[in-house]
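Residue numbers (our numbering): 677 to 757.
Cβ atoms here follow ideal geometry from the backbone N, Cα and C, with glycine treated the same way.
Reading through the structure tokens given below for one structure.
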């Protein structure tokens, strides 16, 4: 089963939304540090789901992408303009 996760990242917190077919959407607030994001993604993989992550482009997008690359099956950096 695939999980689609969106991160809304700001300097103090990250709001995560998890969408999975046939299940109610799940929201969580986590830290904006890489360790918190990695821990959250690891928890989401416990049921062997494929993880598809998306977050909005920012000045830190490249660093975040590189830091989370091994923790999601796909990562998309979105430009919502």
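Within the continuous alpha helix (DSSP H) that includes residue i, where are the two ends?
i           : result
residue 719 : 710-720
residue 733 : Residue 733 -> no alpha helix (DSSP H), and no H or E assigned at all.
residue 754 : That residue, residue 754, is in no alpha helix (DSSP H); its beta strand (DSSP E) goes 750-754.
residue 737 : 737-744
Taking residue i as part of the beta strand (DSSP E), name the residues at either end of that continuous run.
i           : result
residue 704 : 702-706
residue 680 : 678-685
residue 692 : 690-696
Closest by CA to residue i, which one among the options?
i           : options               : result
residue 693 : 730, 708, 686 and 744 : 730
residue 737 : 699, 703, 685 and 698 : 685
residue 690 : 744, 707 and 699      : 707
Are any of the Cβ atoms in chain C nearer than 8 Å to that of residue i?
i           : result
residue 702 : Of the protein chains in the structure, only one exists, and it is not chain C.
So, at 6 Å on beta carbons, what are the nonlocal neighbours of residue i in its own chain, with the 5 sequence-adjacent residues on each side left out?
i           : result
residue 742 : none
residue 725 : 677 and 679
Which same chain residues end up closer than 7 Å to residue i when comparing Cβ atoms and leaving out the 5 residues on each side of it in sequence?
i           : result
residue 687 : 708
Requested in this report: Give a yes or no on contact between the region 748-755 and the region 721-733, applying the rule of three or more CB pairs nearer than 8 Å.
Outcome: yes
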